[in-house]
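Step one of this worksheet: look at the structure below.
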Amino acid sequence: MSEEKKVSRRRYVAYAGAGVVIVAAAAAGGYYATRKPTPTPTPTVPATPTPKPTPTPTPTKPKYDYKTTFPTPPGETPKERAINGALMYLEAFPEAKGVTLVMTGTPGSEGHFKPEYFKEFTDATGLKVKEVTIDWGDIVPKMTAESVEKSGAYDTFLLCPQHYLGYFVEKGLILDPEASPANYYQRYQPQWKDEPPCPPPPAFYRGINCYKGKLWGCVYDYDLWTLHYRADLFEDPKEQKKFYDKYGYELRPPRTWKEYDDIAEFFTRPPDLYGTWVYVPLFWNRRNYKQILASRGVDYFDENMVPQIDSPAGIEAMEKLKWRVDNVCPPEAMTAIWDTAYDFFAKGKLAMEMAWASLKKYCEAMGLGEKVKNVPTPGVPTKDGRVRHASMIGESHMVFVNKYSKHPELAFALLTYYTDPEVSAKVVCDPAGFLEPFRVCHFDDPLVQKSYGGKYYTDVLKEAFDYVVPDINLATAPEYDDVLTKHVNAVLTGAESPKEGMRAVHDAWEEITERYGRDKLIEQLRTWGPPDHKGYGPKLAPLMNPDL
Numbered sequence: 004m005s006e007e008k009k010v011s012r013r014r015y016v017a018y019a020g021a022g023v024v025i026v027a028a029a030a031a032g033g034y035y036a037t038r039k040p041t042p043t044p045t046p047t048v049p050a051t052p053t054p055k056p057t058p059t060p061t062p063t064k065p066k067y068d069y070k071t072t073f074p075t076p077p078g079e080t081p082k083e084r085a086i087n088g089a090l091m092y093l094e095a096f097p098e099a100k101g102v103t104l105v106m107t108g109t110p111g112s113e114g115h116f117k118p119e120y121f122k123e124f125t126d127a128t129g130l131k132v133k134e135v136t137i138d139w140g141d142i143v144p145k146m147t148a149e150s151v152e153k154s155g156a157y158d159t160f161l162l163c164p165q166h167y168l169g170y171f172v173e174k175g176l177i178l179d180p181e182a183s184p185a186n187y188y189q190r191y192q193p194q195w196k197d198e199p200p201c202p203p204p205p206a207f208y209r210g211i212n213c214y215k216g217k218l219w220g221c222v223y224d225y226d227l228w229t230l231h232y233r234a235d236l237f238e239d240p241k242e243q244k245k246f247y248d249k250y251g252y253e254l255r256p257p258r259t260w261k262e263y264d265d266i267a268e269f270f271t272r273p274p275d276l277y278g279t280w281v282y283v284p285l286f287w288n289r290r291n292y293k294q295i296l297a298s299r300g301v302d303y304f305d306e307n308m309v310p311q312i313d314s315p316a317g318i319e320a321m322e323k324l325k326w327r328v329d330n331v332c333p334p335e336a337m338t339a340i341w342d343t344a345y346d347f348f349a350k351g352k353l354a355m356e357m358a359w360a361s362l363k364k365y366c367e368a369m370g371l372g373e374k375v376k377n378v379p380t381p382g383v384p385t386k387d388g389r390v391r392h393a394s395m396i397g398e399s400h401m402v403f404v405n406k407y408s409k410h411p412e413l414a415f416a417l418l419t420y421y422t423d424p425e426v427s428a429k430v431v432c433d434p435a436g437f438l439e440p441f442r443v444c445h446f447d448d449p450l451v452q453k454s455y456g457g458k459y460y461t462d463v464l465k466e467a468f469d470y471v472v473p474d475i476n477l478a479t480a481p482e483y484d485d486v487l488t489k490h491v492n493a494v495l496t497g498a499e500s501p502k503e504g505m506r507a508v509h510d511a512w513e514e515i516t517e518r519y520g521r522d523k524l525i526e527q528l529r530t531w532g533p534p535d536h537k538g539y540g541p542k543l544a545p546l547m548n549p550d551l
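Going by my numbering, the sequence shown opens with residue 4, and the numbers climb by one from there.
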């Protein structure tokens, strides 16, 4: 019987001692087999010589060098396979016992790395886990430096934004989970693909976990924007009458951008109440623009990598964003980011906010309950009467193993454990952090539903998958984003007109594309973008045409 089969479910702690028990039993069997039988007391019959017993072979465990030969950890769930795999490695390399595995985090995610979330793994293996926070502005520089220095100072990375995956694949930083002979993914089966029983949603698998159609890591966040609104304002009979008298239709959560702008204008009553929030600061502002762009049916690039952001529809989207900043947002939106926006909304100083699911978790922790509700984000009506909603992936997170980790087997085992459906469902419910549900079974989990305000809320989160907008999942994404955020900021602060800003982005993007290689980028684009829009939500993909 192979060693892998000896480790039964939930008996991984006993794995290291299994060989000792078997050997002891074998020795005992040999002892009893050598005892001579009592001779028959018959004087006329000579005693029969005692036969030599056949030696009992001592079972030996298979040897794995973790260079050319690797074991397949047993277990029925990812976390069981993770713990068993770590134990098997530690038996082969006892000098690794007690090492500290270093995981990077982002500002605000620290609450998701509490010791309690790793307790089963660390108790069983004796390993230690440490989180190191990398500031937003240092993520790309530090990870790029590691791709050059190859220090192995970090074992796993939490990447944000998620669409920089291709950049770091091309830099050689990411451990290939499917490469031979290690075949980590095949051996550990962490369920990062679109496979049962609890996968990430298909759009997340294709649009986040993969680059050029190949798996590299796992999403560890939801981060699709939905529209949160203050139900205590929207459902107030006095506010409803005032709104109807002014705009001629019922006050309700907006389905279109026209309704959204009307409602934002209606509730803007400085200095105590504003209609909504648009991010103006660098890095954060591009999300608002990309969302409006997609809801207009405009791609970042056409299928030949020609930028579309300065098309008439692209410029119109920028004009709409500028109007909101000037007319229905608080002055703080010019410089502040999500934490201030969350505080404004929770205190009743915003009527609406397009935001991550963590906003509802934040409001639940503050006891706001039914005062806060959500719906899919507004969209643009098509000529045939449909509404083109766009659920933008707003700076999501993904995890992967550092190719230069000193213990890649242990690092992969750790991520297999951390992304396990049961383990991660608890992690994403922690109110001290902003990571959100990312597996399909999470949305039906009672703890998740309680933490995020009930089944109706998680049902809206599931509905948003139909309208997923992937980000620019190309090797040159950091450069494209750097150009875009600078010019969006320039437009929103009045330094450039919408037409000037978007034309400047077009020209800079073309230079980047030519320098890197248009044909190579077209190949990458076709795995998620036009012409087939494989990385888009199933209801949005056929609507990605501004002429519809």
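Where a beta carbon is used, it is the ideal one built from N, C-alpha and C, also for glycine.
Per DSSP, the bridge partner or partners of residue 221:
If you number the sequence shown from 1, residue 221 lands on position 218. Answer is 402, bridged to residue 221.
CA-CA distance, residue 79 and residue 417?
For this step, residue 79 is matched to residue 76 along the sequence shown. For this step, residue 417 is matched to residue 414 along the sequence shown. About 16 Å.
Expressed to the nearest angstrom, what Euclidean distance is found between the alpha-carbon atoms of residue 3 and residue 371?
Nothing about residue 3 can be read from this structure; the chain reaches only from 4 to 551.
Compute the distance between the beta-carbons of residue 449 and residue 531, then report whether it is under 8 Å.
As a working mapping, residue 449 is identified with position 446 in the sequence shown. As a working mapping, residue 531 is identified with position 528 in the sequence shown. No, these two residues do not count as a Cβ contact at 8 Å.
Between which two residues does the alpha helix (DSSP H) harbouring residue 91 extend?
Taking the first residue of the sequence shown as position 1, residue 91 is located at position 88. Looking at the DSSP string, the run of the alpha helix (DSSP H) that includes residue 91 is 81 to 95.
Contact the region 375 to 382 vs the region 459 to 473: 3+ CB pairs below 8 Å:
yes
DSSP three-state label for residue 281, please.
Within the sequence shown, residue 281 is the residue found at index 278, counting from 1. Three-state DSSP puts residue 281 in coil, outside helix and strand.
Which first and last residues belong to the beta strand (DSSP E) in which residue 377 is found?
On the sequence shown, position 374 is the one that residue 377 refers to. It spans 375 to 378 - the beta strand (DSSP E) in which residue 377 sits, taken as one unbroken run.
Which of the three DSSP states, helix, strand or coil, is assigned to residue 431?
Mapped onto the sequence shown, residue 431 falls at position 428. Of the three classes helix, strand and coil, the one that applies to residue 431 here is coil, per DSSP.
Residues bridged to residue 231 (per DSSP)
Your numbering for residue 231 matches position 228 in the sequence shown. Answer by DSSP bridge pairing, in chain order: 356, 377.
When you compare each of 401, 229, 252, 332 to residue 142 by their alpha carbons, which one comes out closest?
Reading the sequence shown from its first residue, position 139 is the one you call residue 142. Of the candidates 401, 229, 252, 332, the one whose C-alpha sits nearest the C-alpha of residue 142 is 401.
To the nearest angstrom, how far is it from the Cα of residue 253 to the Cα of residue 261?
Translated into positions along the sequence shown, residue 253 becomes position 250. Translated into positions along the sequence shown, residue 261 becomes position 258. Residue 253 and residue 261: Cα-Cα distance of roughly 14 Å.
Specify, as a first and last residue, the run of the beta strand (DSSP E) that residue 106 falls within.
Numbered from its first residue, the sequence shown carries residue 106 at position 103. Taken as a continuous stretch (DSSP letters only), the beta strand (DSSP E) holding residue 106 covers 103 to 108.
Going by DSSP, which residues form a beta bridge with residue 276?
Taking the first residue of the sequence shown as 1, we reach residue 276 at position 273. Bridge partners of residue 276: 272.
Could you give the distance in angstroms between the alpha-carbon of residue 215 and the alpha-carbon of residue 179?
Sequence index remark: in the sequence shown, residue 215 carries index 212 (1-based). Sequence index remark: in the sequence shown, residue 179 carries index 176 (1-based). Looking at the two C-alpha atoms, the distance is approximately 13 Å.
Check whether the Cβ atoms of residue 104 and residue 158 sit closer than 8 Å, and answer yes or no.
The residue given as residue 104 occupies position 101 in the sequence shown. The residue given as residue 158 occupies position 155 in the sequence shown. In this structure, residue 158 lies closer than 8 Å to residue 104 by Cβ.
How should residue 583 be labelled, buried or exposed, when 16 other C-beta atoms within 10 angstroms of its C-beta is the threshold for buried?
With the chain represented from 4 up to 551, any question about residue 583 goes unanswered, as that position is not in the structure.
Using the Cα positions of residue 270 and residue 278, report the straight-line distance between them to the nearest angstrom.
Within the sequence shown, residue 270 is the residue found at index 267, counting from 1. Within the sequence shown, residue 278 is the residue found at index 275, counting from 1. Taking the straight line joining both Cα atoms gives about 5 Å.
So, for residue 373: in the same chain, excluding its five sequence neighbours on each side, which residues have a beta-carbon less than 7 Å away from its beta-carbon?
Along the sequence shown, one-based indexing puts residue 373 at 370. The answer, listed in chain order, is 234.
Quick one: complete beta strand (DSSP E) runs, 3+ long, within the region 111 to 146?
131 to 136
DSSP bridge partner residues for residue 327 (one or two, in chain order)
Your numbering for residue 327 matches position 324 in the sequence shown. Residue 327 is not bridged to any residue.
Who are the Cβ neighbours of residue 298 in its own chain at under 6 Å, not counting the five residues just before and after it?
Your numbering for residue 298 matches position 295 in the sequence shown. Contacts found: 382, 383, 391, 393.
Stretch pair the region 318 to 330 + the region 492 to 502: three plus CB contacts closer than 8 Å:
yes
Which residue's Cα is closest to the Cα of residue 285: 490, 424, 332, 207?
Within the sequence shown, numbered from 1, the residue matching residue 285 stands at position 282. Closest by alpha carbon: 490.
If you draw a straight line from the C-alpha of residue 265 to the C-alpha of residue 138, how long is it?
Numbered from 1 along the sequence shown, position 262 holds the residue referred to as residue 265. Numbered from 1 along the sequence shown, position 135 holds the residue referred to as residue 138. If I take the Cα positions, the gap works out to 37 Å.
Name, in chain order, the residues that DSSP records as bridge partners for residue 314.
The residue given as residue 314 occupies position 311 in the sequence shown. DSSP lists no partner for residue 314.
For residue 476, count neighbouring C-beta atoms within 10 Å of its own C-beta (all shown protein chains included) and say buried if the count is 16 or more, exposed if not.
Counting from 1 along the sequence shown, the entry for residue 476 is found at position 473. Looking at its Cβ environment, which holds 16 or more other Cβ atoms inside 10 Å, residue 476 is buried.
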